[in-house]
Each structure stands twice: as C-alpha cells, then as structure tokens.
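Going by UniProt numbering, the first residue of the sequence shown is number 1, and it counts up by one from there.
In what follows, a structure is listed as structure tokens, so that the remarks can point back to it.
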Amino acid sequence: MTNSDALSRLLAERDWLLADGATGTQLFNMGLSAGEPPELWNVDHPDRIRRLYSDAVEAGSDLFLTNSFGGNASRLKLHNAQDRVFELNRLAAEIGREVADASGRTVIVAGSMGPTGDIMAPMGTLTHESAVEMFHEQAEGLKAGGADVLWSETISAPEELKAASEAAKLADMPWCGTMSFDTAGRTMMGLTSAGLAALAGRLAQKPLAFGANCGVGSSDLLRTVLGFEGTNIPVIAKGNAGIPKYHDGHIHYDGTPELMADYACLARDSGATIIGGCCGTTPDHLRSMRAALETRPRGDRPALEQITEKLGGFSSESDGTDGAGPAPRITRRRART
C-alpha cells in the first residue's frame, strides 16, 4: 500500500538515503535490445523488472525508480504504444510496490517520468498544456500502481520540469525532480545549477527533493551539486559510474565500485541527501556506496581539487554559473542507461 508521506518521513529521520543505479545498463544485461522500449517489459517480462528492482533493494537502496522513464505518450508513440500509457506505468509501479513491501523495511517506490523527447514551444511544437497532460496521464498510472512519489529525471528544459510539477499537483502526488547538466555545467537548454535551485524554490508545487542525474561523469555532477547552495530543499545526486568508453561494440562505464564509494561520500559532503547512481551503476557499485556511507565519517564540504583528485577531471573548465558556458543547443534527449 502506497504512503505518500513515506519519503518525507525518511528524509526527516535520516542524514542520507541511498537511491538505485542504472535501469538501461541492467536491462541490456538481461537481454533488452537497442531501440526496444523497456516499458513493454512490464507486461512481457515482469520477472526481469522484478529482478531489476530487487537487485537494487538487496544492494541496500532505500529508494528505486520504476521502469517507466519513457512511459509518456510522446515517447511510446514511437512504438505505437501511446494508448498504453496508463497500463504500462501502473504495472511498473505495481511490480515495484510488491518488491518494496516484501523488503521488510521502508523502501520508496519512485515513479520515473523522463522527458517527452519533444522541444517546448515557442522553439518547438510541445505546448505547456500538452506537456502537463502527458505527464499527468503517466502520473495517474504510477499512482494507481502504488508509487510513493513521482520522479521527473534527465530533464533539460525548465519549462518541462514546471509541466511535470503541475502534473504532480493534478495527480495529488508528491514529486522529486532532477535535470541533466551535460553541456559544460548547463543543461542542454542552458539552465545552470543555480538556475535549477532558484526554479525549485519558486514552483507552486515544490519538490520534496531536487538535483542532478546523468550528465557527463561523477566529477561534473558533484560540481553541479556544489552549485545548489542556498536551498533548504533536500538535494539529489545521481551520477554516472565514471565515463562511457566504447569497447567491443558496447558502451562500458569505467567507474569502479571503489570510485563510486568515494563519489557517494563526496556527494554527501557536498550537501546531497539522496545519493544514487545513473548510467553504468550496477548493484556491485551500490553495495560499495552503501558500505562507504555507513562507515566513513562525514567530511567538510569538498573543494573542487578534492573531487578531481578522487574522481578524475572535469569535462569543461566552467560549471556554467560564471556565464562562460556555451550557448544552449537543442537536441532530442536520450534514454537513461
């Protein structure tokens, strides 16, 4: 049974929460083909989705995201499944609810809502009303399936995050939101870390937590987290497991469990409360992250030099907040892997 106050209670009780890792990486390892919509596996292979969730919980995650990242009408239309939004999201959350309730502890089922893949007006064709409608349809399915909280992720446009927040209000659901800062410290649509912190504070439906996910590497993500200063809303850090490398026809992330353990503690010391991984982050990474968070004492807010010493260099000199970042560019968003 879902409890909409569960995440608020955990945030009040705990100094940090461990989120989950990658969805796509794990599903590809289970046989998902490139270009195949993972949301259809909620119907066709529920056992594999159950395993995806269970692996994260058994590795120590306090919160995991549902297999519904591309579960909006715009993305599902690419696979002629736009009329199955409610069904696929409900099933994603139902399977998650079963896993969370069987865990014997409080585990949060977070209903993943990725970007629509369309460009918001006036630059593109997606109107605010259409975006709200799409996210609301998805939110109602996740709510019906028993999700504790909605989780908008890998968003680039502030207008799209605002639409997701309005959809959460229509669904009467708490929500969290993360954006991807993958263009020299900015999102693809030009927003900086300081810009997101300001946006989160002025939304009518405030998030329970906000932050950054995906992006380039874990160093860049932590530099972004340091840019969220001055907020009283809990911060989320969900970084990739190192940098992607192409090897033998496949993308591999070079971040070891030891590196992700360092990242998790640096994320906590940088001010993040909900700490997880994104692309390339496996249960082995999560176990190391959990062990490090439980055993290593909290440190001072790290300097940029400490982050690069532990995790490697930044992909750009600027984090975007000094105005030195590149001009925003427009592109379709890739799926979270």
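Every residue, glycine too, gets a C-beta built ideally from N, C-alpha and C.
Quick caveat: nothing in here was measured; it's all calculated off a predicted structure.
- The DSSP-derived three-state label of P244 is strand.
- In the three-state reduction of the DSSP assignment, E229 falls in the coil class.
- Around the beta carbon of R223, a 10 Å sphere encloses 16 or more other beta carbons of the protein chains shown; the residue is thus reported as buried.
- Between M120 and A157, the CB-CB gap stays under 8 Å.
- Less than 8 Å separates the beta-carbon of A110 from that of F64.
- For W41, the enclosing alpha helix (DSSP H) starts and ends at W41 to D44.
- Approximately 24 Å separates the beta-carbon atoms of T25 and T273; this is outside 8 Å, ruling out the contact.
- Residue pairing from DSSP places H252 in a beta bridge opposite K245.
- Just measuring C-alpha positions, the residue of D220, N80 and G277 sitting nearest P37 is N80.
- For V43, same chain residues with a beta-carbon under 8 Å away, outside a window of 5 residues either side, are E87, L88 and L91 in chain order.
- Residues of the same chain with a CB within less than 7 Å of the CB of A267, apart from the 5 flanking positions on each side, are L222, V225, A237 and I275 in chain order.
- Taking 8 Å as the cut-off, the beta carbon of N213 is found closer than this to the beta carbon of T178.
- Taking a cut-off of 8 Å for Cβ pairs, the region 297 to 317 and the region 195 to 206 do not touch, as fewer than three such pairs fall below it.
- If you look at A12, you'll find it isn't in any beta strand (DSSP E); it sits in the alpha helix (DSSP H) that goes A6 to E13.
- In this structure, the alpha-carbon of D20 lies about 25 Å from that of L191.
- In the three-state DSSP reduction, F135 falls in the helix class (H, G or I).
- Counting only runs that start and end inside the region 30 to 84, the alpha helix (DSSP H) elements of at least 4 residues fall at 41 to 44, 46 to 58 and 73 to 76.
- Residue state for T178 is assigned as strand, using DSSP reduced to three classes.
- Annotation for C214: the continuous beta strand (DSSP E) segment containing it runs A209 to C214.
- When C-beta atoms of the region 65 to 74 are compared with those of the region 141 to 157, three or more pairs fall below 8 Å, so the two segments count as touching.
- Of the candidates G146, H136, V99 and A184, the residue whose Cα lies closest to the Cα of L161 is H136.
- Taking the C-beta atoms as reference points, G239 is found nearer than 8 Å to C278.
- Its Cα nearest to that of V149, the residue D172 stands out among E133, E129, V132 and D172.
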